[in-house]
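Per full-length UniProt numbering, numbering through the sequence shown is continuous, rising by one, with the last residue being 484.
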Amino acid sequence: MALIDLDNLALRLERNSMISIPEYKVKDGKYAVYVIKIAIDSIIWTVEKRYSDFFTFDLERFEDRKKSFLPPKKLIGNLDPEFLDERRIELEKYIRTVIELDLWLQRKRKQHALSSLVAHFLDFQEYEVHAIVEDLSLRLGSYGEDWLALAVMKPKYFEFTPIELYAITERMKLAEPTANGKSIHSCYKIFDFSGDGKVDIANYVEFLHKVQNLKVRGGRGCIGSSNIIGNTLSFSLSLCKKIKALWVSNFDVRMIHELYSVRKTCRRVIIHYSMKKISDFFLEPGEILPIENQGKWQSVDEIDFSFNEIEEVDESISLLCSVRKINLSHNFLTGIGNHLQHLTMLNELNLSNNSIKSLDSWYTRMGNVKRLYLAGNRICSLKGLQKLYSLEYLDITDNNIATADDVRPVCTLPCLDHLILKGNPVQQVIEYRTKVLELFGERFAEMRLDSRKPDQREVDTILVRLALRKAREEKEEQIRGKTL
Numbered sequence: 001m002a003l004i005d006l007d008n009l010a011l012r013l014e015r016n017s018m019i020s021i022p023e024y025k026v027k028d029g030k031y032a033v034y035v036i037k038i039a040i041d042s043i044i045w046t047v048e049k050r051y052s053d054f055f056t057f058d059l060e061r062f063e064d065r066k067k068s069f070l071p072p073k074k075l076i077g078n079l080d081p082e083f084l085d086e087r088r089i090e091l092e093k094y095i096r097t098v099i100e101l102d103l104w105l106q107r108k109r110k111q112h113a114l115s116s117l118v119a120h121f122l123d124f125q126e127y128e129v130h131a132i133v134e135d136l137s138l139r140l141g142s143y144g145e146d147w148l149a150l151a152v153m154k155p156k157y158f159e160f161t162p163i164e165l166y167a168i169t170e171r172m173k174l175a176e177p178t179a180n181g182k183s184i185h186s187c188y189k190i191f192d193f194s195g196d197g198k199v200d201i202a203n204y205v206e207f208l209h210k211v212q213n214l215k216v217r218g219g220r221g222c223i224g225s226s227n228i229i230g231n232t233l234s235f236s237l238s239l240c241k242k243i244k245a246l247w248v249s250n251f252d253v254r255m256i257h258e259l260y261s262v263r264k265t266c267r268r269v270i271i272h273y274s275m276k277k278i279s280d281f282f283l284e285p286g287e288i289l290p291i292e293n294q295g296k297w298q299s300v301d302e303i304d305f306s307f308n309e310i311e312e313v314d315e316s317i318s319l320l321c322s323v324r325k326i327n328l329s330h331n332f333l334t335g336i337g338n339h340l341q342h343l344t345m346l347n348e349l350n351l352s353n354n355s356i357k358s359l360d361s362w363y364t365r366m367g368n369v370k371r372l373y374l375a376g377n378r379i380c381s382l383k384g385l386q387k388l389y390s391l392e393y394l395d396i397t398d399n400n401i402a403t404a405d406d407v408r409p410v411c412t413l414p415c416l417d418h419l420i421l422k423g424n425p426v427q428q429v430i431e432y433r434t435k436v437l438e439l440f441g442e443r444f445a446e447m448r449l450d451s452r453k454p455d456q457r458e459v460d461t462i463l464v465r466l467a468l469r470k471a472r473e474e475k476e477e478q479i480r481g482k483t484l
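Spelled out as structure tokens, the structure:
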């Protein structure tokens, strides 16, 4: 990511390639745009501007029009290739000279970044640390306090991009003054939203201290027109002191560090399209398994790690000492491992749309789960759940359950009252509902099969079958008694 260093940047830009206009483009045969290329160290991005954009910028930059040196507008033949190439060279000289002047003025003012006007014209606020942070400071200084107040009454997420959080992290490392002249590290005790449009890092520092619901939305590939790859930008969340909900989407969670405060306060964690291992998020770099000495996530009540590429439930899940709900749907799981049994508060587990085939001995590894979602797997039998006595709800939609006997293992569970078998081959069996419900014995009338209790016809049929079965069992018992 770009970080401009005014102290070491040559004032004469012909000595480096920071700014150039290598080409122009004619759009729809109606107008031309000039492609400005900005290069700071290895970071490169481009900005497309029409001549009218240069003219508007020039009006703001040089209020005294006598000082302007922008090449004049041409009204006739302004799409002629020879003219456009000459104009490209003229505009390159113009923008270079403007920036040279800005660099000189900013150094004289003891500033560490380009002026806001110049920075925004060249999209520095999208790619460069100082400009991104200044832009955030202005926005949060303007509406941050009001947003936080509204979020208390009606909770909602405040969304940052990885590049913004990376810029904040890097800015906090720089020994540069804040807007009030104090050092960066003294700002922790200055928290005061100015609300007056001033650039002060205290604006975003205080906001991060107070925000409760934070979302990080990344993306694939490069950011904008730059060569910056978003998933390579690491950042710290050490400034977040009151986070209750954290949502990460489309960003490599291995790039998120210093979650020590978040561990203590966060109640809900949502991560989509961002991880291959659970430990990638729960463990800091340098923290390794086993986890006995690692910091617990003390307050987390719910995690949603659906739509990732997780292949196993590793030991780091044990750090969630008070979690009640876990969603691991739409991953690559084939089993549940041996660590869920340590989560004594867990009562809802969603493992839908994975690659699970067998449930063997799951009841020994699941604690006190009450609601279990297994839709969209490859399960052929419910064997392995027969002693999961806490189970109340089981969704086995779209699996390979072919006969009523495949359901039998859960039919003696005392609390189970809702079973969903939609999308299984067993539905093709004649009167499959009565055959499945009959397996629950005298409890059958309490059961909801596929979200529906038995109707009167089904009740009558099952009662007759149960009576016949009971009579048959009594007769068999009498025969055995006589034999003995």
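Note that beta-carbon positions come from the ideal geometry of N, C-alpha and C, so glycine has one too.
Pair within 8 Å by beta-carbon distance, residue 88 and residue 166: For residue 88 and residue 166, no; Cβs fall outside 8 Å.
Beta-carbon contacts of residue 97 that lie in its chain and below 8 Å, excluding the five residues immediately before and after: 69
Does residue 169 come out as helix, strand or coil in the three-state DSSP assignment? helix
How far does the alpha helix (DSSP H) with residue 54 in it extend, from its first residue to its last? 51-61
Test item: CB-CB of residue 296 and residue 321 under 8 Å: Yes, Cβ-Cβ distance for residue 296 and residue 321 is below 8 Å.
Suppose contacts are defined by Cβ-Cβ distances below 8 Å. Is residue 43 in contact with residue 228 by that definition? yes
Can you tell me the Cα-Cα spacing of residue 367 and residue 311, whole angstroms? Using only the alpha carbons, I get a separation of about 21 Å.
Would you kindly check if the distance between the Cβ of residue 391 and the Cβ of residue 413 is under 8 Å? yes
Residue ranges of each beta strand (DSSP E) run of no fewer than 3 residues wholly in the segment 348-417, ordered along the chain? Every beta strand (DSSP E) stretch that sits fully inside the segment 348-417 and reaches 3 residues is listed by chain position as 348-350, 371-373, 393-395.
Whole-angstrom distance between residue 209 and residue 56, CA atom to CA atom: 39 Å
Hey, could you find the ends of the alpha helix (DSSP H) residue 142 is sitting in? 129-153 is the extent of the alpha helix (DSSP H) around residue 142.
Just tell me which of 155, 259, 131 has its CA closest to the CA of residue 200. 131
Using the three-state DSSP reduction, which class does residue 156 fall into: helix, strand or coil? coil
What are the boundary residues of the beta strand (DSSP E) that includes residue 34? 31-40
Taking residue 214 as part of the alpha helix (DSSP H), name the residues at either end of that continuous run. Run containing residue 214: none in the alpha helix (DSSP H); it sits in the beta strand (DSSP E), 213-217.
Closest to residue 373 by C-alpha separation, out of 61, 347, 364, 286, would be which residue? 347
My understanding is that residue 362 touches residue 343, with C-beta atoms under 8 Å, so please give their C-beta distance in whole angstroms. Between residue 362 and residue 343 a beta carbon distance of about 14 Å is seen, past the 8 Å cut, so the two are scored as non-contacting.
Roughly how many whole angstroms lie between the Cα atoms of residue 203 and residue 134? If you take the alpha carbons of residue 203 and residue 134, they lie about 10 Å apart.
Out of curiosity, what's the CA-to-CA distance linking residue 408 and residue 436? 8 Å
Taking only the alpha-carbon atoms, compute the straight-line gap between residue 286 and residue 161 and give it to the nearest angstrom. 25 Å
Does the Cβ of residue 406 have 16 or more other Cβ atoms within 10 Å, making it buried, or fewer, making it exposed? buried
Taking only the alpha-carbon atoms, compute the straight-line gap between residue 479 and residue 466 and give it to the nearest angstrom. Taking the straight line joining both Cα atoms gives about 20 Å.
Own chain, CB closer than 6 Å to residue 2, minus 5 neighbours either side, in chain order: In its chain, beyond the 5 residues on either side, 40, 43, 127, 128 have a beta carbon closer than 6 Å to the beta carbon of residue 2.
Where residue 300 and residue 418 are concerned, what is the direct C-alpha to C-alpha distance, given to the nearest angstrom? Each residue's CA atom was taken as its position, placing residue 300 and residue 418 some 27 Å apart.
State the DSSP-derived secondary structure class of residue 432, mapped to helix, strand or coil. Residue state, collapsed to three classes: helix.
Rounded to the nearest angstrom, what separates residue 324 and residue 345 at their Cα positions? 5 Å
Run through DSSP, which three-state label would residue 112 get? coil
Going by other Cβ atoms of all chains shown within 10 Å of its Cβ, with 16 needed for buried, is residue 282 buried or exposed? buried
Starting from residue 331, trace the alpha helix (DSSP H) in both directions and tell me its first and last residue. First-last for residue 331: undefined, no H or E at that position.
Determine the contact status of residue 271 and residue 308, defining contact as a CB-CB distance below 8 Å. yes
What is the C-beta distance between residue 163 and residue 223, in whole angstroms, given that I count them as a contact (C-beta under 8 Å)? 6 Å
So, for residue 190: in the same chain, excluding its five sequence neighbours on each side, which residues have a beta-carbon less than 6 Å away from its beta-carbon? Model confidence at residue 190 stands at a pLDDT of 33, short of 50, so the residue's coordinates are unreliable; what they give is reported in the following sentence. Here the set comprises 202.
State the start and end residues of the unbroken alpha helix (DSSP H) segment that holds residue 279. 279-282
Based on the DSSP output, what are the partners of residue 46 in its beta bridges? 37
Can you name, in chain order, every residue of its own chain whose Cβ lies under 6 Å from the Cβ of residue 393, other than the five neighbours on each side? 371, 418
Does the Cβ-Cβ distance between residue 379 and residue 401 come in under 8 Å? yes
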